[in-house]
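So the protein sequences, as listed, match chains A and B. For what it's worth, the numbering used here labels the leading residue of the first sequence as 64, then goes sequentially. For what it's worth, the numbering used here labels the leading residue of the second sequence as 64, then goes sequentially. Note that CB positions come from ideal geometry on N, CA and C, so glycine has one too.
Number of protein chains: 2
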Amino acid sequence: MQLPSALLENAVNELARLPGIGKKTALRLVLHLLRQDESQAQALAQAIVKAKTETQFCNQCFNISDGAECSICANKQRNQQLLCVVENIRDVIAIESTQQFNGLYHVLGGLISPLDGIGPDQLHIETLVQRVEKGEVQELIFAVSPTIQGDTTIYFIQKQLQHTTCKITTIARGIAFGGELEYADEFTLARSLTNRLPVNQYIQ
Amino acid sequence: MQLPSALLENAVNELARLPGIGKKTALRLVLHLLRQDESQAQALAQAIVKAKTETQFCNQCFNISDGAECSICANKQRNQQLLCVVENIRDVIAIESTQQFNGLYHVLGGLISPLDGIGPDQLHIETLVQRVEKGEVQELIFAVSPTIQGDTTIYFIQKQLQHTTCKITTIARGIAFGGELEYADEFTLARSLTNRLPVNQYIQ
């Protein structure tokens with residue numbers, strides 16, 4: 064694709080470096096911005112730079128934050144004894160949007176995956192163990208992907224916490240609401256059969 | 064969607080104002096940028112602002128340009144007697160990428176569309192007529208979308224140029240009706256340039 068302007072081309076190339084954005088989409092976005100008020104382009108540029116330079120990671124849970132402590136950890140109304148362990152920040156956002164969880168989080172920053180060269184040292188596992196060892200946390204809920212990597216990570220952390228009294232649980236695996244039974248994979252279906260619940264407990 | 068950081072939320076909101084980008088996609092893009100080097104966010108922001116503030120429209124053909132005259136108009140190797148009339152800059156880029164056209168362009172900036180309140184005065188039609196009246200242009204090739212608006216625009220401009228000797232043609236309808244020019248494959252677009260027809264033959 065030959066572009067008539069080097070400045071345009073530069074903007075297109077920069078946008079096309081983002082995941083899922085090809086050159087044609089990038090061009091459409093830049094041409095859209097050119098049609099808008101200058102303030103919109105300025106606001107977008109500033110917001111991107113500010114998000115990159117000024118956001119931090121919470122020094123307790125490693126969630127993204129505007130300060131040294133994230134708004135979730137800073138909220139003393141939340142249950143400090145309940146800790147939800149997730150892979151990344153998107154999982155925190157997903158769980159927060161359910162409005163069903165009132166505890167704190169711990170973002171691992173990934174899952175143990177020897178094939179990708181990710182070992183426990185590259186994740187925030189040591190800080191998690193330290194948090195639990197302080198004794199305040201009563202329950203650790205693992206909300207990680209049901210994959211080999213997820214299971215490995217759970218297993219590894221559980222081993223590290225054997226000497227504590229902290230209860231370790233994982234979110235339920237089963238058939239999704241609205242999911243068709245016949246399209247569910249055998250593993251999920253088998254799990255949901257094994258972990259069946261009394262109807263009165265399920266209906267609550 | 065509740066985000067844990069106001070800075071993050073701001074960046075997501077700004078990105079989500081772009082066409083075809085929803086909040087979830089915007090979040091994915093911002094989180095990607097946060098994982099990258101700071102220089103990438105800076106480069107992206109700078110490229111966007113520069114593209115918006117420093118690009119101009121060529122004062123002859125209204126193509127996007129880094130200076131007062133675009134690189135196509137400035138290129139004296141190109142056939143100055145051949146003028147391709149297009150709706151917008153994306154069409155110029157699409158035709159240029161076929162490498163089948165060696166003339167100059169004239170970007171109308173839209174098509175006549177009374178329903179959308181776009182009349183001839185809002186388009187670069189007067190300047191086109193003046194360019195042709197200078198006498199150098201021998202042929203005007205319309206490469207506009209095959210829609211009612213496109214046909215209306217061709218008809219209107221043709222009427223305005225009846226007193227000149229300029230030949231008026233249109234690209235062949237190798238492109239499906241209802242298809243957008245910018246999404247056509249290069250081969251079809253190149254063929255339709257080669258097989259252009261005189262307007263009176265086409266309108267029959």
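- When DSSP states are grouped into helix, strand and coil, A:G83 belongs to the coil group.
- A:C124 sits away from A:V192, with the two beta carbons spaced by 8 Å or more.
- The DSSP-derived three-state label of B:K197 is coil.
- For a cut-off of 8 Å, the C-beta gap from A:L224 to B:E77 is around 42 Å, too long to register as a contact.
- For a Cβ distance threshold of 7 Å, nothing in chain B lies close to A:Q140: the least Cβ distance comes to about 15 Å.
- The shortest CA-to-CA distance from A:K222 to any of A:R98, A:S134, A:E245, A:P183 is the one to A:P183.
- Below the 7 Å Cβ cutoff, chain A contributes A106, L107, A110 as neighbours of B:E77, in chain order.
- In the three-state DSSP reduction, A:C136 falls in the helix class (H, G or I).
- Three or more beta-carbon pairs separated by less than 8 Å link the stretch 170-179 of chain B to the stretch 203-223 of chain B, which places the two stretches in contact.
- With a minimum length of 4 residues, the unbroken runs of alpha helix (DSSP H) contained wholly in the stretch 155-224 of chain B fall at 188-196, 211-223.
- Inter-segment contact for the stretch 78-93 of chain A and the stretch 236-253 of chain A is absent: fewer than three beta-carbon pairs are separated by less than 8 Å.
- Within 7 Å of the CB of A:N126, the CB atoms of chain B belong to P67, in sequence order along the chain.
- Here the C-alpha atom of B:I158 lies approximately 49 Å from the C-alpha atom of A:V207.
- Between the C-alpha atoms of A:N73 and B:N126 there is a straight-line separation of about 17 Å.
- The residues F125, L171, G172, in chain order, have a CB closer than 6 Å to that of B:H187 in the same chain once the five nearest residues on each side in sequence are set aside.
- In this structure, A:I135 and A:Y168 form a Cβ contact; the two beta carbons are roughly 6 Å apart against a cut-off of 8 Å.
- Separation of B:L260 and B:T228 (C-alpha to C-alpha, rounded to the nearest whole angstrom) is 16 Å.
- Check the Cα spacing between B:L145 and each of B:L252, B:T233, B:E245: the tightest is with B:T233.
- B:S128 carries a strand assignment under DSSP once its states are collapsed to helix, strand and coil.
- Taking 7 Å as the cut-off between beta carbons, the residues of the stretch 151-166 of chain B near chain A are I152, R153, V155, I156, E159, S160, in sequence order.
- Per the Cβ contact rule, the stretch 108-121 of chain B is in contact with the stretch 82-96 of chain A (3 or more Cβ pairs under 8 Å).
- Bounds of the beta strand (DSSP E) holding B:Q144 are 142-149.
- The beta-carbon separation of A:E199 and A:Q143, rounded to 6 Å, stays under the 8 Å limit for a contact.
- Chain A places no beta carbon closer than 8 Å to that of B:R194, leaving this residue out of the contacts.
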